[in-house]
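In the working numbering, the protein residues as written are 7 to 108.
As structure tokens, then:
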């Protein structure tokens, strides 16, 4: 087995750079989508009923899922050699979510 095909030790690799990067990208996209909806007059907090509220919620959920998935996939493929445990994925997803929420 050569050095290029070895799977790195997960404890020696930090997942925070990918989590922070994709958390910031996701929150930036959410801010832009929110501004577009506000400027278009579609974002009225008092009237979040009907199709506009559903569409807004679906867009937000898709962006959040994309950011979390991208952070996990990038960390797995670039840092861990294509394999990641459930606990590691949970940690990456949690940090990404916290960055998006902050």
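Glycine included, every Cβ here is placed at the ideal spot set by N, Cα and C.
- In terms of CA proximity to residue 98, 79 leads the group 107, 56, 79.
- The Cβ atoms of residue 69 and residue 32 lie closer than 7 Å to each other.
- Of the residues assessed, residue 91 falls on the exposed side of the cut-off, its CB having fewer than 16 other CB atoms within 10 angstroms.
- Scanning its chain for C-beta atoms nearer than 7 Å, with the 5 sequence neighbours on each side dropped, one finds around residue 73 the residues 28, 29, 31, 32, 102, 106, in chain order.
- Within the segment 48-93, not a single complete beta strand (DSSP E) segment reaches 3 residues in length.
- No residue range can be given for residue 13, since it is assigned to no alpha helix (DSSP H) and is classified by DSSP as neither H nor E.
- Residue 93 places its beta carbon 7 Å or farther from that of residue 13.
- Non-local C-beta neighbours of residue 16 in its own chain, meaning closer than 8 Å and more than five positions away in sequence, comprise 86, 90, 91, 94, ordered along the chain.
- Nearest to residue 36 by alpha-carbon distance, out of 60, 46, 19, 65, is 65.
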